[in-house]
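**Q**
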Amino acid sequence: MAKVPKKILNDPRNVVTEMLDGLALANDGRVERLDGKDILIRTDLPDSKVTLLIGGGSGHEPIFHGFVGKNMGDAAACGQVFAAPSPDTIVDAAMAAHRGKGVLFLYGNYAGDNMNFDIASELLEEEDIDVRTVRVNDDVAAAPPERADDRRGIAGDIYAIKVAGGAAGECDTLDEVERIARKAVGNLRSMGVAVAAGSIPETGKLTFELADDEIEIGMGAHGEAGIAKQKMTSADEVADQLMERILGDISLGEGDEIALMINNLGATTMMEMLIVNRRVRQILADRGIIVHRTDVGTYLTVQEMAGFSITVMKLDDELKHYLDLPARSVGLSNM
Amino acid sequence: MKELTESQVVEMLREVSKALIDKVDVLTDADLATGDGDHGIGMRRGCEAALEGLVPGLSVQDAFKKTGMAIMSKTGGAAGAVFGTFFRGGAGAFAEAKTLDAARFADFLAQSAQAVSKRGGVEEGAKTMVDAVMPAARAVEAEASDDLLVVFTAAERGALDGVEASKAMIATTGKARSLGERSIGHPDPGAISVSIILGAMKSYAASL
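Chains as they are written, first to last, in the working numbering: chain G, 4 to 338; chain B, 1198 to 1405.
Here it is, written out as structure tokens:
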């Protein structure tokens, strides 16, 4: 690992706490940081509602903590870079955001997140707070369909948060919010490609190695190995490869509607992503699939990793309704 | 040596924490081979918090619990959950105990091994820290000695055997799982941490 990544930081051991301070302020008063804790919470929480608690490792900004706000997460429990938040952070976040109608935990499906959120859930049960868990597992590259429970959560997290957040804003019961969140997750498929590695600030080391002329198809959001390393190829060719896997994994026919996200993993240009979007739309048009909504931008990053992911969510009227509810946050604004 | 006093247990766990902090680079490099490379810095963060809490006057049980709580709340990630569980899960073996002796330590290790296996939902063979904890617990049981130095030595040897055995395993959980067969040849970083913990206990006992 010859190259030492350049980052403009203060003490690398304080990146999470300094980032959270900056992120809270970037919400212009709609979100605050709980004193001394790695927790962001809405300042405009109603007195009574179902609570949506999101969270995960830091370093993927703007997800997760950038998606706190009305019709999105009510609070976010934040871990260190690429590491799940601890049970006490999750418990504190849930207690602070709870408004009497129970808490839905919504997060990406990783061993560390699963364990820490499960421990928190057990602790909250002792406090008589009703907790349900929905794990996002949209990465089709991570495991075959019959082992979908082994799939990681990647950029599909954002649509899941948007739908579940809308449902938590409008629905009266935790049962209903959980049902809708599960439907959203069931309809999500994503896959990514990595062109260059990102690094953890505190170690200053790249999380994986790729040769200058190589890309990795299906790589995970922490540099987990993908399906294949291959030689650099064209945008159309990569888009074709990703879409073949995604569309092969979900039933989508003529007239079906989807939401489409092209997510920048950190260092890819908007130009490249728009060129990919062009090809993706050709593929979808050939199959008569209707794009209800497109989001091209930076939503889930892996530090300075270069590459992108494509996310498809199959829609029905209910999912469309919650997805399109107005929201405003650092990560996503729906006007 | 047959037993450690409460204050010696606190000292021993401080040595364990320092040993993990000292090995931050070893753990980072081991984790970079199969994961994202945050195991070393995570353990360092947890152990620094443990050092703050490990003060004289703690009971044996509380010293182990406190170490586990610090790691669970400050390490974060999968490592925080499993290593927090490692120190807390078997701490009941020391309930009411004024000293740490071989029998109680064997109980502790056996209970902790079960607790981490349950928490992680993994058995042996998945290329995780369980692959070091379980053989360590078995080695202690097989040794059936009441001499703590002998017992800690057996525990470390069991863990090191587990580290070695983990090289041949294919990861089936955690971030390394996606590597599949490409994970062969690399030891599990969590297993290495277990061997460091038990090795530091042995060194402490040997220094008395």
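Cβ atoms here follow ideal geometry from the backbone N, Cα and C, with glycine treated the same way.
Applying the 10 Å Cβ sphere with the 16-neighbour rule, what's the burial state of E205/G?
**A** As a position in the first sequence, residue 205/G is number 202, starting the count at 1. E205/G should be labelled buried.
**Q** DSSP on Q233/G, reduced to helix/strand/coil?
**A** Against the first sequence, residue 233/G aligns to sequence position 230. The answer is strand: DSSP assigns Q233/G an E or B state.
**Q** Can you have a look at G426/G and say buried or exposed, based on whether 16 or more other CB atoms are within 10 angstroms of its CB?
**A** Because chain G here runs from 4 to 338, residue 426/G falls outside it and cannot be looked at.
**Q** Closer than 8 Å, CB to CB, is L1229/B near chain G or not?
**A** By one-based count along the second sequence, residue 1229/B stands at place 32. Closer than 8 Å: yes.
**Q** Could you tell me whether the Cβ atoms of T1272/B and G1239/B are closer together than 8 Å?
**A** Counted from its first residue, the second sequence places residue 1272/B at position 75. Counted from its first residue, the second sequence places residue 1239/B at position 42. Cβ atoms of T1272/B and G1239/B: closer than 8 Å.
**Q** Would you call the stretch 141-151 of chain G and the stretch 175-182 of chain G in contact, with 3 or more CB pairs under 8 Å?
**A** no
**Q** Roughly how many angstroms separate the alpha carbons of A270/G and M308/G, rounded to a whole number?
**A** Indexing the first sequence from 1 puts residue 270/G at position 267. Indexing the first sequence from 1 puts residue 308/G at position 305. Their Cα atoms are separated by approximately 6 Å.
**Q** What did DSSP end up calling H324/G once you bin it into helix, strand or coil?
**A** Translated into positions along the first sequence, residue 324/G becomes position 321. Reduced to three states, the DSSP call for H324/G is helix.
**Q** On the three-state DSSP scale, how would you describe Q306/G?
**A** Sequence index remark: in the first sequence, residue 306/G carries index 303 (1-based). Three-state result, Q306/G: coil.
**Q** Helix, strand or coil: how does DSSP classify M4/G here?
**A** One-based indexing of the first sequence puts residue 4/G at position 1. The pLDDT assigned to M4/G is 46, lower than 50, so where the model puts this residue is not dependable; a value taken from the coordinates is nonetheless given after this. DSSP places M4/G in coil when its eight states are reduced to three.
**Q** Determine, using beta carbons only, whether I1238/B comes closer than 8 Å to chain G.
**A** Counted from its first residue, the second sequence places residue 1238/B at position 41. Yes, I1238/B lies at the interface with chain G (some Cβ there is under 8 Å from its Cβ).
**Q** State yes or no: is the C-beta of A158/G within less than 8 Å of the C-beta of M264/G?
**A** As a position in the first sequence, residue 158/G is number 155, starting the count at 1. As a position in the first sequence, residue 264/G is number 261, starting the count at 1. Yes, the pair counts as a contact, with Cβ atoms nearer than the cut-off.
**Q** Can you pull the chain G residues whose beta carbon is under 8 Å from the beta carbon of G1317/B, in chain order?
**A** Along the second sequence, read from residue 1 onward, the residue named residue 1317/B stands at position 120. Going along chain G in sequence order, the residues near G1317/B (Cβ under 8 Å) are A114, M118.
**Q** Run the CB neighbour count on M274/G, radius 10 Å, all protein chains shown included, and call it buried at 16 or more, exposed below.
**A** Position 271 of the first sequence, counted from the start, is the residue given in the question as residue 274/G. The residue is exposed, with fewer than 16 neighbouring Cβ atoms inside 10 Å.
**Q** Determine the contact status of A1397/B and A1216/B, defining contact as a CB-CB distance below 8 Å.
**A** Locating residue 1397/B in the second sequence gives position 200, where the first residue counts as 1. Locating residue 1216/B in the second sequence gives position 19, where the first residue counts as 1. Result yes, Cβ atoms of A1397/B and A1216/B sit closer than 8 Å.
**Q** Run through chain G and tell me which residues come within less than 8 Å of K1271/B, C-beta to C-beta.
**A** The residue given as residue 1271/B occupies position 74 in the second sequence. Neighbours of K1271/B in chain G, taken as residues at a C-beta separation under 8 Å, are given in chain order as S89.
**Q** In chain G, what lies closer than 8 Å to L1201/B by C-beta?
**A** Within the second sequence, residue 1201/B is the residue found at index 4, counting from 1. Near L1201/B there are no residues of chain G at all, since even the closest Cβ is about 29 Å away, more than 8 Å.
**Q** With hydrogens ignored, establish whether the beta-carbon of A1312/B is closer than 7 Å to any heavy atom of the ligand NAD.
**A** This structure lacks the ligand NAD; in fact it carries no ligand of any kind.
**Q** Excluding five sequence neighbours on each side, which residues of the same chain lie with their C-beta closer than 7 Å to the C-beta of Q244/G?
**A** Within the first sequence, residue 244/G is the residue found at index 241, counting from 1. Around Q244/G: I220.
**Q** Would you say P1386/B lies against chain G (beta-carbon separation less than 8 Å)?
**A** Along the second sequence, one-based indexing puts residue 1386/B at 189. No - not a single Cβ of chain G is within 8 Å of the one on P1386/B.
**Q** For chain G, is any of its Cβ atoms less than 8 Å away from the one on Q1278/B?
**A** Here the question's residue 1278/B lines up with position 81 in the second sequence. Reading off the sequence shown, one finds Ala at residue 1278/B, where the question assumed Gln. A1278/B counts as touching chain G.
**Q** How about A259/G and I293/G: do their beta carbons lie closer than 8 Å?
**A** Mapped onto the first sequence, residue 259/G falls at position 256. Mapped onto the first sequence, residue 293/G falls at position 290. Position check: residue 259/G holds Asp in this sequence, whereas Ala was assumed. It is a contact, given that the beta carbons lie within the stated cut-off.
**Q** Contact between the stretch 151-165 of chain G and the stretch 112-120 of chain G is defined here as three or more beta-carbon pairs at a separation below 8 Å; is this criterion met?
**A** Below 8 Å, enough C-beta pairs join the stretch 151-165 of chain G and the stretch 112-120 of chain G to call them touching: three or more.
**Q** Going along chain G in order, which residues have a C-beta closer than 9 Å to the C-beta of R1379/B?
**A** By 1-based counting over the second sequence, the position of residue 1379/B is 182. Going along chain G in sequence order, the residues near R1379/B (Cβ under 9 Å) are A228.
**Q** Taking the C-alpha atoms as reference points, what is the distance between A341/G and T210/G?
**A** The structure shown does not extend to residue 341/G, since chain G is modelled only from 4 through 338, so no value can be given for it.
**Q** Using CA coordinates, which residue listed in S1363/B, S1314/B, D1304/B, V1327/B is at the minimum distance from A1339/B?
**A** Here residue 1339/B refers to the residue found at position 142 of the second sequence. Closest option to A1339/B, judged by alpha-carbon separation, among S1363/B, S1314/B, D1304/B, V1327/B: D1304/B.
**Q** Name the residue from I253/G, D31/G, H295/G, L318/G whose alpha carbon lies nearest to the alpha carbon of P147/G.
**A** Against the first sequence, residue 147/G aligns to sequence position 144. Looking at the Cα atoms, I253/G is the closest of the given residues.
**Q** Terminal residues of the continuous beta strand (DSSP E) containing C81/G?
**A** Indexing the first sequence from 1 puts residue 81/G at position 78. Start and end: 78-84.
**Q** Looking at the C-beta of R1354/B, does it have a partner C-beta in chain G at a distance below 8 Å?
**A** The residue given as residue 1354/B occupies position 157 in the second sequence. No, R1354/B lies away from the interface with chain G (no Cβ there is under 8 Å from its Cβ).
**Q** Please confirm whether R33/G and G72/G have their CB atoms less than 8 Å apart.
**A** The count along the first sequence starts at 1 and reaches residue 33/G at position 30. The count along the first sequence starts at 1 and reaches residue 72/G at position 69. Cβ atoms of R33/G and G72/G: closer than 8 Å.
**Q** So, is A1227/B buried or exposed, given that buried needs 16 or more other C-beta atoms within 10 angstroms?
**A** Taking the second sequence and counting its residues from 1, one reaches residue 1227/B at position 30. Buried is the call here.
**Q** Is it right to say K1220/B is buried, meaning 16 or more other beta carbons lie within 10 angstroms of its own, or is it exposed?
**A** Translated into the one-based positions of the second sequence, residue 1220/B becomes position 23. That one is buried.
**Q** Any contact between the stretch 1351-1369 of chain B and the stretch 324-331 of chain G? By contact I mean 3 or more CB pairs, one from each, below 8 Å.
**A** no
**Q** Compare the Cα-Cα distances from N117/G to each of D152/G, D131/G, N266/G, D95/G and report the closest residue.
**A** Along the first sequence, read from residue 1 onward, the residue named residue 117/G stands at position 114. N117/G has its Cα closest to that of D152/G, out of D152/G, D131/G, N266/G, D95/G.
**Q** Cα-Cα, which of E1203/B, T1225/B, Q1205/B is closest to I208/G?
**A** By one-based count along the first sequence, residue 208/G stands at place 205. Going by the sequence as given, residue 208/G is Lys instead of Ile. Comparing Cα-Cα distances from K208/G to each of E1203/B, T1225/B, Q1205/B, the minimum goes to T1225/B.
**Q** Return the CA-CA distance between T314/G and V137/G, expressed in angstroms with no decimal places.
**A** By one-based count along the first sequence, residue 314/G stands at place 311. By one-based count along the first sequence, residue 137/G stands at place 134. T314/G and V137/G have their C-alpha atoms spaced approximately 18 Å apart.
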